[in-house]
Amino acid sequence: MIAANGVFSQKFQFRVRFFLRYLLVLTGLNLVWEFAHMPLYTLAAEGTTAAIVYSAIHCTIGDMMIGGFALLAAVFLFGSDQWPATGQTRVLAAALVFGVGYTVFSEWLNIEVRGAWAYTEAMPIVPLIRTGLSPLLQWLVVPVIAYFWATRGFSVQNTGLTPAK
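The following block contains the structure:
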């Protein structure tokens, strides 16, 4: 992590930049998604404008934390010393599993157990897991876009990583 001269290694610096780029895009897209699918929740019809804005921002911050922790866990569990030069698909797949898994749990907890929010009749429900289609798609689409945007312009030469053989 830290080179002999006390400066963070090129590899570490690249990974930090990658993670920050990922979080930036993930957060921005999740904010847009939260407002876009708000009409599928009863809050859109029943809540005040302030409550709707607060909810979207609150959920976006949660999405950023979930997405960040999902990616970190995936890198630690499935990444190699050479990630992201190698193992990108494995890490992204694991991050998606973690994000979707948490989403299914959170939707169940907050709808079925706590009653913290509710779907409108317009929300398509995925039958087996009884989760709304929109939040499920959110965790399949947004992290993929953010991940590929974060790797945009990626070249092994500017990372300190060894290319896969």
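Each residue of the sequence shown is one higher than the one before, starting from 119 at the first, in this note's numbering. Using N, Cα and C, we set each Cβ at its ideal position, and we do this for glycine too.
ask   = Who are the near neighbours of Gln131 in its chain, counting only those whose CB is closer than 7 Å to its CB and skipping five residues on each side?
value = none
inquiry  = I need the DSSP call for Thr249, collapsed to helix, strand or coil.
reply    = Here Thr249 sits in strand by DSSP.
request  = For the alpha helix (DSSP H) containing Leu227, list its first residue and its last residue.
outcome  = Premise fails: Leu227 is in no alpha helix (DSSP H) and is neither H nor E.
message = With H, G and I counted as helix, E and B as strand and the rest as coil, what does DSSP make of Ala282?
response = Since pLDDT at Ala282 reaches only 47, below the 50 mark, its modelled position is unreliable, and no value is offered.
task = Tell me whether Glu239 is buried or exposed, calling it buried when 16 or more other Cβ atoms sit within 10 Å of its Cβ.
result = Glu239 should be labelled exposed.
query = Since Met182 is in the alpha helix (DSSP H), which residue starts that stretch and which ends it?
reply = Thr167 to Phe196
ask   = Hey, quick one: how far does the alpha helix (DSSP H) through Leu161 stretch, first residue to last?
value = Leu161 to Glu164
query = Going by beta carbon distance, what residues of the same chain come within less than 7 Å of Gly217, once the five residues before and after it are set aside?
reply = Ile184, Gly185, Ala188, Trp257 and Pro261
message = Rounded to whole angstroms, what is the Cα-Cα separation between Trp201 and Val259?
response = 22 Å
task = Please say whether Ala234 and Tyr159 have beta carbons closer to each other than 8 Å?
result = Taking a C-beta distance under 8 Å as the contact criterion, Tyr159 and Ala234 do not qualify as a contact pair.
Rounded C-alpha distance that separates His155 from Glu230 = 19 Å
query = Who pairs with Val244 in a beta bridge, going by DSSP?
reply = Thr249
inquiry  = Relative to the C-alpha of Ala268, which candidate in Leu141, Thr249, Leu161 and Leu246 has its C-alpha closest?
reply    = Leu141
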